[in-house]
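Numbers in my numbering are just positions in the sequence shown, counted from 1, shifted up by 23. Here is the structure we will look at, set down as structure tokens.
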Amino acid sequence: MKPEKNKKYTERTPKRRRRSNAAYLASLLVTFEAICMGLLILPRSTESITEKRELAEFPELTPDSYFSGDFAEGVSEWFSDTVPFRDELTGISTELRELRGFRQDGIRLHNVGTVQTSTPEQSTPEQPGEPQQSAPEQSTSEQIEPTAEQPAVTERPVITTAAPDENQPEKINPDDAVTITNNGIAVVGTRALMLYGGSYSVGERYAEVVNKYKQALPDVNVYSMVIPTSCEFYSPDSVAAYCGSELDNINHVYGCLQNDVVSVDAYTPLSTHKNEDIYLRTDHHWAPLGAYYAAQAFAQAAGVPFEDISQYEQRVVHDYVGTMYGYTGDIVLKNNPEDFVYYVPKNVDYTTTYYDYILKDGKIVGAAEPYEANFFIKYGDGNGMAYCTFMGGDAKVVKVSSNAGTGRKLAIFKDSYGNALPGYLMGSFDEIYVIDMRYFTHNAVDFLTENGVTDVLFANNAFHAATASTVTYYDNFLTQQDWGY
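Next up, the structure:
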């Protein structure tokens with residue numbers, strides 16, 4: 024028989040448990056109500072610096088949107104997308120995830136899949152060290168007299184990564200839908216690297232569409248510059264196993280260009296200067312210094328004057344954390360910001376005219392009236408949008424007029440890597456037209472002819488030169504009718 028003391032304790036226990044459970048439930052309800060009230064009362068976020076985008080806007084209520092359900096769906100998207108203190112809450116979540124994280128030798132992989140091999144139908148590019156086609160001849164246009172012969176990219180420069188294992192399958196992704204993160208991201212120390220998949224077949228189509236521009240514009244000098252990304256130069260052996268060779272793909276594209284299209288070797292100067300800050304650590308873009316060396320290579324190929332880096336004013340945005348933190352949520356990137364250093368020409372008088380497109384749901388629905396503004400946009404320290412220093416972004420056509428006095432006019436068809444190039448070429452060309460591969464509403468041949476363009480440069484990184492949508496955009500520009508704005 025149990026003692027009376029224990030009996031009394033046993034009788035009280037259920038009551039204590041009920042009171043404890045009630046208090047616990049009450050605290051949960053209060054916390055839940057406080058969160059709900061906060062979501063309703065606190066100011067909604069309108070942009071995410073971490074994700075580098077504008078957040079969803081409250082939808083317009085119309086009879087059609089109400090009865091179709093689009094309005095309700097839009098409200099739901101707006102409510103979930105514009106959470107108060109979105110970036111701050113994301114940062115806290117990232118800190119908590121890192122406590123459960125795992126790094127080996129200072130490396131962490133994000134969304135890395137199995138590397139796929141080439142299909143038998145794909146063409147095999149020439150390997151490093153094998154004979155290459157001779158360098159393309161310069162355009163027969165009388166407007167250009169290059170100062171030096173354009174070198175061909177013939178072999179991989181000496182870099183620190185190990186030679187590929189002959190027993191490994193060819194590390195090429197045959198999927199045409201290559202995107203900047205489709206093969207995953209590796210954070211190596213404090214540097215984030217996009218892992219390159221690549222596609223030889225799409226590279227061939229990319230070269231074909233560049234050839235089409237030369238065929239449609241026989242008196243215009245046409246150049247192709249495929250820009251390597253940071254994974255080509257900074258991937259340790261364990262990470263390189265997930266990457267295809269950008270050099271092999273670049274050589275393959277250049278080998279498919281017709282002789283009167285000039286291939287511009289950006290690979291060699293970037294490799295030569297890889298120990299400098301030519302790529303951003305926390306962003307998927309190159310650094311402005313890398314763009315300088317590539318612009319120098321292009322100017323040499325085009326036979327135009329080019330100002331030394333000493334003729335530029337250096338400006339710095341401190342504590343910059345770029346796009347790769349938004350893609351990975353890796354706290355190491357957030358905790359190790361970098362300096363975003365860019366260069367403004369000292370000795371060139373220029374004006375910049377903007378033709379902004381109006382977008383709705385990512386699609387062009389109109390265009391604003393043209394206006395003049397600075398080419399370089401100033402951002403404060405810690406601003407994650409600093410790469411938009413150049414023209415403020417992509418959804419526009421930009422015209423730069425300068426006092427270069429060379430009689431040459433350049434059009435750059437580019438992805439976002441190309442945004443950093445025009446600032447170094449203002450003293451090389453009287454006019455520069457900057458055209459993004461995703462945003463252009465004119466017929467390319469008509470536009471280039473009407474504006475007297477003498478030189479056309481295709482400047483795209485290795486990912487976009489192996490992406491089917493890039494080819495489609497450029498191909499459509501040749502045949503599309505003017506949209507009227």
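Beta carbons are placed, not taken as given, at the ideal position from N, Cα and C, and that holds for glycine. Everything numeric in this text was worked out from a predicted model, so none of it was measured.
Residues A390, A391, P393, K419, V420, V421 and K422 of the same chain have their beta carbon placed closer than 8 angstroms to that of Y378, with the five preceding and five following residues left out of the count.
Following the DSSP letters along the chain, one finds K422 inside the beta strand (DSSP E) bounded by residues K419 to S425. With a threshold of 16 other beta carbon atoms within 10 Å, E96 falls short and is exposed. Contact annotation: the segment 276-296 does not touch the segment 215-222, with fewer than three C-beta pairs closer than 8 angstroms. The segment 307-321 makes no contact with the segment 271-280: fewer than 3 CB pairs, one atom from each, lie closer than 8 angstroms. Taking 8 angstroms as the upper bound for CB-CB distance, A396 and Y402 are not in contact here, some 15 angstroms apart.
Listed as beta-bridge partners of D353 by DSSP are no residues whatsoever. Between A488 and G226, the C-beta spacing is below 9 angstroms.
The residue among D384, E454, I458 and V388 with its C-alpha nearest the C-alpha of G416 is I458. For the pair D469 and Y316, the Cα-to-Cα distance works out to about 32 angstroms. Collapsing the DSSP output to three states places Y373 in a strand. Checking the DSSP bridge columns, you'll see Y394 partnered with Y377. In the three-state reduction of the DSSP assignment, Y348 falls in the helix class, which pools H, G and I. Runs of the alpha helix (DSSP H) lying entirely within the segment 282-342 and spanning at least 4 residues, in chain order: 290-295 and 311-325.
One thing to note: F321 has its Cβ within 9 angstroms of the Cβ of L480. DSSP places D271 inside the alpha helix (DSSP H), whose first and last residues are E269 to G278. The continuous beta strand (DSSP E) containing F363 extends over residues E361 to P368.
With respect to the 9 angstroms criterion, T252 and F486 are classified as neighbours on the basis of their beta carbons. A direct Cα-to-Cα measurement between L448 and P86 gives close to 52 angstroms. Proximity to L444 across N426, K386, P368 and G475 peaks at P368, based on C-alpha coordinates.
In this structure, the CA atom of C279 is about 47 angstroms from the CA atom of D93.
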